[in-house]
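Shown next, in structure tokens, is the structure this report addresses.
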Amino acid sequence: MDNSSLSHTKWDCTYPIVFIPKYRRKVMYGEVRSDIREIIKKLCEYKEVKIVEGSVCVDHIHLCVKIPPKLSVSQFMGYPKGKRALMIFDRHPEYKKRGDRHFWAKGYYVNTVGRNEAEIRKYIQNQVEADQLEDKKQE
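Counted the way the working numbering counts, the sequence shown spans residues 115 to 253.
The following block contains the structure:
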């Protein structure tokens with residue numbers, strides 16, 4: 115068990131999270147995908163959230179993250195989803211011109227890892243392979 119610590123707290127709060135672009139559009143490939151990866155990493159650093167595993171697929175994102183207990187999952191998801199959308203629109207204005215100012219769907223899926231962390235990490239890693247096959251179809 116990898117315990118992190120705050121001043122008076124030992125913690126291991128690891129969550130698998132899945133979220134999608136609005137209407138589950140297949141828009142996250144190529145340059146957009148690499149920009150989203152960079153944005154997610156940067157925003158997680160700001161909130162002191164550690165990415166254990168992650169995968170940006172064409173129509174969804176898998177993250178396995180360690181969120182400090184001073185931050186709720188909904189606070190974590192609200193911050194980066196809003197900031198990510200603004201940053202994506204800045205880098206890719208073609209998405210803003212479509213008339214819909216929302217890049218992400220409203221909800222997300224979250225669970226607790228418990229003792230299945232290795233299985234969850236393996237599943238997320240396998241998503242990368244499936245996504246590479248999907249990219250070849252897009253070319």
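Where a beta carbon is used, it is the ideal one built from N, C-alpha and C, also for glycine.
Residue i, buried or exposed, once every other Cβ within 10 Å from all chains shown has been counted against 16
i, result
"Leu247", "exposed"
"Ser188", "exposed"
"Ser186", "exposed"
"Val227", "buried"
Beta strand (DSSP E) segment containing residue i, residue limits
i, result
"Cys178", "175 to 180"
"Lys124", "123 to 125"
"Ile165", "164 to 170"
Element boundaries [alpha helix (DSSP H), containing residue i]
i, result
"Ser148", "145 to 160"
Cβ-heavy atom distance, residue i to the ligand NAP, below 8 Å
i, result
"Val170", "Only the bare structure without any ligand can be found here, which leaves the ligand NAP out of the picture."
Per DSSP, cross-strand counterpart(s) of residue i
i, result
"Tyr129", "Val179"
"Val224", "Ile131"
task = Evaluate the contact criterion for the segment 170 to 180 versus the segment 123 to 139: three or more CB pairs, one atom per stretch, below 8 Å.
result = A contact exists between the segment 170 to 180 and the segment 123 to 139.
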